[in-house]
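To start, the structure itself, in structure tokens.
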Amino acid sequence: MSTAQAVTARPTHGDAFPRRIVALGGGTGMPAVLRGLRRFVDAGHVEALTAIVTMTDDGGSSGRLRRDRGVPPPGDVRNCIVALSAEEELLKGVFQHRYDGSDELGGHTLGNLMLAALAEQTGSFLRAVEVSSRVLRTVGTILPSTLDDVALEATFEDGSRVVGESRVAAVGKRILRVELRPRDAQPTPGILDALQQADLIVLGPGSLYTSILPNVIVNGVGSALRQSGAVVVLVANFVGERGEVVGLDVAGHVRVLEEHAGGRFLDGVLLHEGALPEQVLERYREEGMALLSQGESLDPQLQVLKLRLAAVGTKLRHDPDATARGVIDLWAAVRRVTERVAGR
Numbered sequence: 521m522s523t524a525q526a527v528t529a530r531p532t533h534g535d536a537f538p539r540r541i542v543a544l545g546g547g548t549g550m551p552a553v554l555r556g557l558r559r560f561v562d563a564g565h566v567e568a569l570t571a572i573v574t575m576t577d578d579g580g581s582s583g584r585l586r587r588d589r590g591v592p593p594p595g596d597v598r599n600c601i602v603a604l605s606a607e608e609e610l611l612k613g614v615f616q617h618r619y620d621g622s623d624e625l626g627g628h629t630l631g632n633l634m635l636a637a638l639a640e641q642t643g644s645f646l647r648a649v650e651v652s653s654r655v656l657r658t659v660g661t662i663l664p665s666t667l668d669d670v671a672l673e674a675t676f677e678d679g680s681r682v683v684g685e686s687r688v689a690a691v692g693k694r695i696l697r698v699e700l701r702p703r704d705a706q707p708t709p710g711i712l713d714a715l716q717q718a719d720l721i722v723l724g725p726g727s728l729y730t731s732i733l734p735n736v737i738v739n740g741v742g743s744a745l746r747q748s749g750a751v752v753v754l755v756a757n758f759v760g761e762r763g764e765v766v767g768l769d770v771a772g773h774v775r776v777l778e779e780h781a782g783g784r785f786l787d788g789v790l791l792h793e794g795a796l797p798e799q800v801l802e803r804y805r806e807e808g809m810a811l812l813s814q815g816e817s818l819d820p821q822l823q824v825l826k827l828r829l830a831a832v833g834t835k836l837r838h839d840p841d842a843t844a845r846g847v848i849d850l851w852a853a854v855r856r857v858t859e860r861v862a863g864r
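Residue numbers for the sequence shown follow this note's numbering, so the first one is 521 and each next one is one higher.
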């Protein structure tokens, strides 16, 4: 049975599915969620899928293109295009191709260069994303969180500050707060409407401070999350980043997210359940990372769903299908509780 058939045949909660889903994030976690949710769109269960992608990357190929060509960082957008493309297997080998060497092309991916070229030709990075998505037959809509030239600024426990996503990640100290420069960075047109109209909003998995929060702190997004009538869920990470989230359990991640958004907005948390390969965990311990504690302090009003979410492999990655099914099952669970409380 194919993946799409498996999704179609799975009667998790009758015929009830969220019609419009919005996912916020970046890095390697968000494409996994999108890849799984794409199956539900393909199967006709979900009408609209929107990806809101962080735009603070300043390292690697994306950082070089920002500095050399003046285009927004294309890397996370590129990964989402691949995840949502009907030609994903082909694109993995072409769009994701990274050039070797130390010359001008060395380190760049073909997809990044194509997006940069289209942005220059069309005069708009958003237009470049739209054209690429149409040509590559992506499912859903991909929106950069902002089209402004933004940088991430972190304030650490000791009061010091660092500007630049790559520098923030490299410091290795506990972060108190992150902000964007400029502070009034505006959301890309369509984002606030997508959040307002969504039935389900998914945050994560991914780095709390450098993949998820850069979307939340764009001007107006936190308010839109608080005011949305959607079910909003967080897909928790397997491990905590070195330094940045030392001492934070899952409840701590929830608290930080809601503090940056200006108030409560989360309805549920999706957690991994089950043992993870010891040889894989050892690699993370050597890098100073540990399993993210689920703790016992989550707000009792939050719906919590625990499932086996890990993909088989040498790195800790979320399985796309298990994670997508999990967030939709969590959406259904929150709705059932809401309807029961309302006396329906």
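C-beta atoms are modelled at their ideal positions from N, C-alpha and C, and glycine is treated no differently.
Query - C-beta atoms of E699 and E677 nearer than 7 Å - result: Here the question's residue 699 lines up with position 179 in the sequence shown. Here the question's residue 677 lines up with position 157 in the sequence shown. Against a cut-off of 7 Å, the Cβ pair of E677 and E699 comes out as no contact.
Query raised in the report: Straight-line CA distance for A543 to L625?
Result: Taking the first residue of the sequence shown as position 1, residue 543 is located at position 23. Taking the first residue of the sequence shown as position 1, residue 625 is located at position 105. Cα-Cα distance, rounded: 32 Å.
Report task. State whether the region 763-777 contacts the region 809-820, with contact taken as three or more CB pairs (one from each stretch) at a distance under 8 Å. Result -> yes
Query - Check whether Q717 and R558 have beta carbons under 7 Å apart - result: Locating residue 717 in the sequence shown gives position 197, where the first residue counts as 1. Locating residue 558 in the sequence shown gives position 38, where the first residue counts as 1. Not a contact, by the Cβ cut-off of 7 Å.
Query raised in the report: Where does the unbroken beta strand (DSSP E) through E699 begin, and where does it stop?
Result: Taking the first residue of the sequence shown as 1, we reach residue 699 at position 179. Looking at the DSSP string, the run of the beta strand (DSSP E) that includes E699 is 695-701.
Query raised in the report: Considering only residues of the region 590-667, which uninterrupted beta strand (DSSP E) runs meet the minimum length of 3 residues and lie entirely inside it, listed in chain order?
Result: 661-664
**Report entry** CB-CB length for H628 against S581, believed under 8 Å
**Finding:** The residue labelled residue 628 in the question sits at position 108 within the sequence shown. The residue labelled residue 581 in the question sits at position 61 within the sequence shown. Between S581 and H628 the Cβ distance is about 5 Å, and since that is below 8 Å, they are a contact.
Query raised in the report: How should S680 be labelled, buried or exposed, when 16 other C-beta atoms within 10 angstroms of its C-beta is the threshold for buried?
Result: The residue given as residue 680 occupies position 160 in the sequence shown. By the neighbour-count rule (16 or more Cβ atoms within 10 Å), S680 is not buried but exposed.
Query raised in the report: Exposed or buried, what is S748 when buried is set at 16 or more other beta-carbons lying within 10 Å of its beta-carbon?
Result: By 1-based counting over the sequence shown, the position of residue 748 is 228. Per the 10 Å Cβ criterion, buried.
Query raised in the report: In or out: D704 buried (at least 16 other Cβ within 10 Å) or exposed?
Result: On the sequence shown, residue 704 is found 184 positions in, with the first residue counted as 1. Exposed, because fewer than 16 other Cβ atoms sit within 10 Å of the Cβ of D704.
**Report entry** Other residues of its chain near T528: CB distance less than 7 Å, five sequence neighbours each side excluded
**Finding:** Position 8 of the sequence shown, counted from the first residue, corresponds to residue 528. Below a pLDDT of 50, predicted positions are generally treated as unreliable, and T528, at 31, falls in that range; no measurement from the model is reported.
Query raised in the report: Taking the alpha carbon of F560 as the point to measure from, which residue in V861, T858, E859, I848 has its own alpha carbon closest?
Result: On the sequence shown, residue 560 is found 40 positions in, with the first residue counted as 1. Looking at the Cα atoms, I848 is the closest of the given residues.
Query raised in the report: Under the rule that 16 or more other beta-carbon atoms within 10 Å means buried, what is E720, buried or exposed?
Result: The residue given as residue 720 occupies position 200 in the sequence shown. In the sequence as presented, Glu is not what sits at residue 720; that position holds Leu. When all chains shown are included, L720 counts as buried.
Query raised in the report: Residue range of the beta strand (DSSP E) that Q823 falls in?
Result: For the purposes of this step, residue 823 is identified with residue 303 of the sequence shown, where counting begins at 1. Looking at the DSSP string, the run of the beta strand (DSSP E) that includes Q823 is 823-827.
Report task. Specify the secondary structure class of L715 as computed by DSSP and reduced to three states. Result -> By 1-based counting over the sequence shown, the position of residue 715 is 195. L715: helix per DSSP, three-state reduction.
Requested in this report: Identify which residue in F758, G833, A830, F645 has its Cα closest to the Cα of R805.
Outcome: In the sequence shown, the residue the question calls residue 805 occupies position 285. Out of F758, G833, A830, F645, F758 has the C-alpha closest to the C-alpha of R805.
Query raised in the report: Going straight from the alpha carbon of G833 to that of V602, what length do you get?
Result: Residue numbering aside, residue 833 sits at position 313 when the sequence shown is read from its first letter. Residue numbering aside, residue 602 sits at position 82 when the sequence shown is read from its first letter. Cα-Cα distance, rounded: 20 Å.
Query raised in the report: Taking one C-beta from the region 794-808 and one from the region 838-853 each time, how about it: are there three or more such pairs within less than 8 Å?
Result: no
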